[in-house]
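These notes concern the structure reproduced below.
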Amino acid sequence: MVNWNNERPILEEKVSVLGIGKAIYAAPDGDKNNARLLLAADGFHFRQSDFSDFKFNNIVLTSKVGEEFSISFDDNGKLLINGAPFTAPTNQNDEVIAGNKTHTGLVKLDGGLQLVSNDKTYQVLVDEDGNLKANEVIK
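Sequential numbering from -12 applies to the sequence shown in our numbering.
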């Protein structure tokens, strides 16, 4: 008798049976009396072992409006969404964001703006008339 709980049995030619009647059952060892129910009127009867050797390159999920999103991993185990590495937002203080970024829409900088040029830091200020002024920050 097959131990269905630990692993999915290997199907053997001319021995294994997949029965279809009022239900679908499997008997990989050919023993119909001890076959396992897979699908019946009350639903699916799958076990974790049924999926023990499944391997997916990616999983595609569809949003409510029909957009498809592919979730996968690169060779180093980094999560990819639609092929691009996922970087979780941290919302930490003193965070460094590297790389070129393009922002669309309104960007508000609460706390001011500092720009760095040739190892010098400049504080950018706006007066009541909207005039910009940059002062070097002395450390």
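By construction, the Cβ of each residue, glycine as well, lies at the ideal position given by its N, Cα and C atoms.
These figures come from a predicted structure and were not determined experimentally.
DSSP bridge partner residues for residue i (one or two, in chain order)
| i | result |
| --- | --- |
| Gln110 | Gln101 and Asn122 |
| Thr74 | Answer is none; Thr74 lacks a bridge partner. |
| Gly30 | Ala27 |
Pick from the options that is closest to residue i, judged by C-alpha positions
| i | options | result |
| --- | --- | --- |
| Phe43 | Gly30, Tyr109, Asp61 and Phe31 | Asp61 |
| Asn122 | Ala27, Ser104 and Glu115 | Ser104 |
| Pro72 | Lys126, Ser39 and Gly64 | Gly64 |
| Ile46 | His32, Leu66, Asn78 and Ser39 | Leu66 |
| Lys1 | Lys9, Leu48 and Gly17 | Gly17 |
The beta strand (DSSP E) enclosing residue i, as first and last residue numbers
| i | result |
| --- | --- |
| Asn45 | Asn45 to Thr49 |
| Leu96 | Taken as a continuous stretch (DSSP letters only), Leu96 belongs to no beta strand (DSSP E), as it is neither H nor E. |
| Ser57 | Glu55 to Phe60 |
| Gly17 | That residue, Gly17, is in no beta strand (DSSP E); it is neither H nor E in DSSP. |
| Gly6 | Val4 to Ile7 |
| Ile68 | Leu66 to Ile68 |
Burial state of residue i, where buried means 16 or more other Cβ atoms lie within 10 Å
| i | result |
| --- | --- |
| Ala149 | Beyond the ends of the chain as shown, which are -12 and 126, falls residue 149; an answer cannot be given. |
| Ala13 | buried |
Whether residue i touches residue j by CB criterion (8 Å)
| i | j | result |
| --- | --- | --- |
| Ser50 | Gly70 | no |
| Val83 | Leu100 | no |
| Lys19 | Gly30 | no |
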